[in-house]
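S.K.: Residue numbers (our numbering), protein chains in the order written: chain C, 492 to 965; chain D, 27 to 462. Quick reminder that beta carbons are idealized off the backbone N, C-alpha and C, glycines included. Take this structure, written in structure tokens, and hold onto it; I'll ask about it next.
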């Protein structure tokens, strides 16, 4: 579980002192405690570009406590920031475009690319990012905003919009060594009001291991206003595989935001499951999800005790790795059934029983392996890619009730699964990401928790990678 | 008095009959030997003498304190006992940082409006000079076996000694005015507010100069004679506030160094000083005042308390509390004939007035369509404020109530709006009205 280059201060010091040719991974800033009112307190956020999202940006940044620095030549760019800036005593400062002044540094760069129409317009992105990218502080953030390419009528416009995504994927790999991340957010016309919580999350330390990732904010699912703090107050959340690892971290984080968490795990894991539930003031549900009557029992339990459920996290999963030629039939069945079959059956049971409440959240665990493939994981990849298809198809079907369905694809996360890897492969896999290190269960838990909040109503049908910008699959 | 539409109703009106305060004296000066209770005694005694109030009429004392005498924290009851008031005069002591004095007055008013009491003495006192130095908990816990007689053998005593290492861990810590949650000293918060609201050093120094000149003018013209009473102290009698500098100027103030940041703007000159003092207010139901033959100075119309995030703008509270109190009074800012704001720091006052004048602030923070309003110079802090007069934390609110009640009693003004910022991100406001 311990990464020598990250956790061992002595090792880090020696490598640096001796000048060994080993890149020492940057320690990333992580959030402590539940959601804050102003997650960006006193952070300098450079805002470049111009377009439809300036008002949302101004409101988001000032309310979150950031000090906006506007780059651009006209007062028009500055204007949207004046009102909210004055209300929160965070008047925007202004910088001329061109070279960054000596000594100036920023904690985040946000580029509004919603006005870019032709490939030549992409130069605006270069103009803002080029002088500032090396002035980005440690654990900084780069966010590029745009309109979805698919919505463009003209191919040239679609090309321009899609270009933003490629830019972000590469820039993420350039800033990863200082623990910084880069993500793109494509906002559907009319969904601007749903951008703020997404931005708050991505700009905060909670998104420490989310990078290279495009997000699509849509108005697909109905959503209401979202509280900044304690967003899960009064919600009931079911988390499968809650005894340890990502499930445990998720249960803890959700409880901290006010949710009552039902911790589900196998009867054999009674001990650790109960301990987690006791620690977070949740409850226990011991079911083997592969049992034939499992969906029915889970539904019955949630109905009786809570009259329904708001959040379902399908986290339980297994690996049964073997190259295809050597894989036994039951290894195939087990992986596919737990990782995909049970998820489908349980979700169906809960939905057909109408147990998932209005504005519910369903979050399924996929894997980077399901996106990129992995030697020896044909069964696992099939099940995890299946999840991607499942959420994409289910999302529009339940959107009317305001329910969102998303998948999370973790990369290398320091859990029981990865501790079991052979040391050489493990050490290699850890370094094969933009941030040069593995993620922690809480990194995935933070993403899951965010997707479960009312503020994430704009995200549905998405597969979000939490992989630190893995070399493969990104 | 029908204010029912916003849930602000009352059975009977609470009125201010009189107010008295000690001179406000720089900490570690002439009041060094008087602790918070002594100062409270002096103010209440003078109030009772001036009003010639029969002692048996007093129902209770509501007193405020911020730094408490550790052996007798319920100052209110100690005052009643010290002054040999009837044993039936009960007492409670409240605390709300710098808004404590106003809190005591509004607690009294609330009790009267509900019909719980008819005659209440409210006020507050603080002696920064007598702030207790507490032993760190580590020392207290280590010493507990000795205090409870549990230590018997020499090795027990040695073990107690051993726990006292290193010695710096068990020495008393200097008290400071820092936020418990953020660790920020209040001056640093003011510094941050100045920076974020764009309040210049010059603007702050001008405000401080104005405060001193107005207070000095008030003293020289006898404006405070109604309220300030001489106090005998072991260091000699004190007749008047001793912090006010009528001869100060922007030029002199601009020479002072910033205290909280090397490139800062907050100086000793444009901040309120540590002060010792007490202020007391006699609050009655209108009917009782009439029955006892008093002419009330003013009535209490509404009040409001708010909280803001201490990590944001710690002292912006009045910008939210004042509109709230005005709403409850069914008034707009322009309807307030005079406005009196506690001057913790010039930077803070100017930040609050700026916020009140901002349309953006009103829209985003108050959900109003237009700015709360500008405050004209000639109706704002008429007689200076805490920067010039001084700021014994718990007394300031009662001082402001007294000064404004006396102002309304002169018959030229209809209403007075009070605003106070307080540690912990608190804000307080009240509206007083003339008694027709």
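Output yes if chain C places a C-beta closer than 9 Å to the C-beta of residue 390/D; else output no.
M.R.: yes
S.K.: For the segment 199 to 229 of chain D, which residues have a beta carbon sitting closer than 8 Å to at least one beta carbon of chain C?
M.R.: 219, 222, 223, 224
S.K.: Output the residue ranges of the beta strand (DSSP E) runs that lie fully inside the segment 261 to 331 of chain D and measure 3 residues or longer, sorted by chain position.
M.R.: 262 to 264, 301 to 311
S.K.: Along chain D, in chain order, which residues have C-beta atoms closer than 8 Å to that of residue 575/C?
M.R.: 386, 390
S.K.: Alpha carbon to alpha carbon, how far is residue 917/C from residue 844/C? Give it in angstroms, no decimals.
M.R.: 43 Å
S.K.: Does the distance from the C-beta atom of residue 806/C to that of residue 738/C stay below 9 Å?
M.R.: Their beta carbons are under 9 Å apart, which means residue 806/C touches residue 738/C by this criterion.
S.K.: Let me check one thing: in DSSP terms, what residues is residue 586/C bridge-paired to?
M.R.: DSSP output for residue 586/C lists 562/C as bridge partner(s).
S.K.: Please name the residue in 842/C, 586/C, 621/C, 642/C whose C-alpha comes closest to that of residue 608/C.
M.R.: 642/C
S.K.: Enumerate in chain order the residues of its own chain whose CB-to-CB distance from residue 232/D is below 6 Å, with the five nearest sequence positions on each side excluded.
M.R.: Around residue 232/D: 276.
S.K.: Figure out for me which residue from 114/D, 348/D, 279/D has the closest Cα to the Cα of residue 378/D.
M.R.: Answer by Cα proximity: 348/D.
S.K.: Alpha carbon to alpha carbon, how far is residue 682/C from residue 395/D? Give it in angstroms, no decimals.
M.R.: Across the structure, residue 395/D and residue 682/C are spaced so that their CA atoms are roughly 25 Å apart.
S.K.: Between the segment 323 to 332 of chain D and the segment 41 to 50 of chain D, can you find at least three pairs of beta-carbon atoms closer than 8 Å?
M.R.: yes
S.K.: Using the beta-carbon count (16 or more within 10 Å), is residue 914/C buried or exposed?
M.R.: Exposed is the call here.
S.K.: Using 9 Å as the limit for Cβ to Cβ distance, is residue 342/D near chain C?
M.R.: yes
S.K.: Take residue 960/C and list the residues in its own chain whose beta-carbon comes closer than 7 Å to its own, dropping the five residues that flank it on each side.
M.R.: 663, 664, 667, 702, 703, 924, 925, 926
S.K.: Anything in chain D within Cβ reach of residue 529/C, meaning under 9 Å, just list it in chain order.
M.R.: Near residue 529/C (Cβ distances below 9 Å), the residues of chain D are 335, 337, 338.
S.K.: Against chain C, does residue 347/D count as a neighbour if the rule is that its beta carbon must be under 9 Å from one of theirs?
M.R.: no
S.K.: Is the CB of residue 965/C under 9 Å away from at least one CB in chain D?
M.R.: Interpretation of residue 965/C is limited by its pLDDT of 41, a score under 50 that renders its predicted location unreliable; no figure is taken from the coordinates.
S.K.: Report, in whole angstroms, the separation of the C-beta atoms of residue 81/D and residue 111/D, which I expect to be a contact under 8 Å.
M.R.: 5 Å
S.K.: Report yes or no: is there a C-beta of chain D within less than 9 Å of the C-beta of residue 502/C?
M.R.: no
S.K.: Measuring straight from C-alpha to C-alpha, what distance separates residue 257/D and residue 66/D?
M.R.: 11 Å
S.K.: What does the alpha-carbon distance come out to for the pair residue 733/C and residue 741/C?
M.R.: Looking at the two C-alpha atoms, the distance is approximately 8 Å.
S.K.: Which chain D residues are close to residue 604/C, counting only those with a beta carbon under 9 Å from its beta carbon?
M.R.: Near residue 604/C there are no residues of chain D at all, since even the closest Cβ is about 27 Å away, more than 9 Å.
S.K.: At least one CB of chain C closer than 9 Å to the CB of residue 377/D: is that the case?
M.R.: At a cut-off of 9 Å, the C-beta of residue 377/D has a neighbouring C-beta in chain C.
S.K.: Against chain C, does residue 381/D count as a neighbour if the rule is that its beta carbon must be under 9 Å from one of theirs?
M.R.: yes
S.K.: Within this structure, are the beta carbons of residue 802/C and residue 727/C separated by less than 9 Å?
M.R.: yes
S.K.: Would DSSP call residue 406/D helix, strand or coil?
M.R.: strand
S.K.: Less than 8 Å separating the Cβ of residue 268/D from some heavy atom of the ligand SAM?
M.R.: With respect to small molecules bound, the structure shown includes none, and the ligand SAM cannot be examined in it.
S.K.: In chain D, which residues lie with their C-beta within 9 Å of the C-beta of residue 582/C?
M.R.: 222, 223, 224
S.K.: Pop quiz: residue 654/C and residue 610/C are said to be a contact at Cβ under 8 Å. What is the actual Cβ separation, rounded to whole angstroms?
M.R.: 7 Å
S.K.: Spell out whether any CB of chain D is found under 9 Å from the CB atom of residue 687/C.
M.R.: So, not an interface residue.
S.K.: Does DSSP put residue 531/C in a helix, in a strand, or in coil?
M.R.: Note: residue 531/C maps to coil in three-state DSSP.
S.K.: Strictly under 9 Å for the Cβ-Cβ distance: is residue 522/C near chain D by that measure?
M.R.: No - not a single Cβ of chain D is within 9 Å of the one on residue 522/C.
S.K.: Closer than 9 Å, CB to CB, is residue 682/C near chain D or not?
M.R.: no
S.K.: Can you give the beta carbon distance from residue 371/D to residue 306/D, rounded, assuming they're within the 8 Å contact cut?
M.R.: Not quite, the Cβ-Cβ distance comes to about 26 Å (not below 8 Å), so this is no contact.
S.K.: Please list the terminal residues of the continuous alpha helix (DSSP H) segment that includes residue 764/C.
M.R.: In this chain, the alpha helix (DSSP H) harbouring residue 764/C covers 761 to 771.
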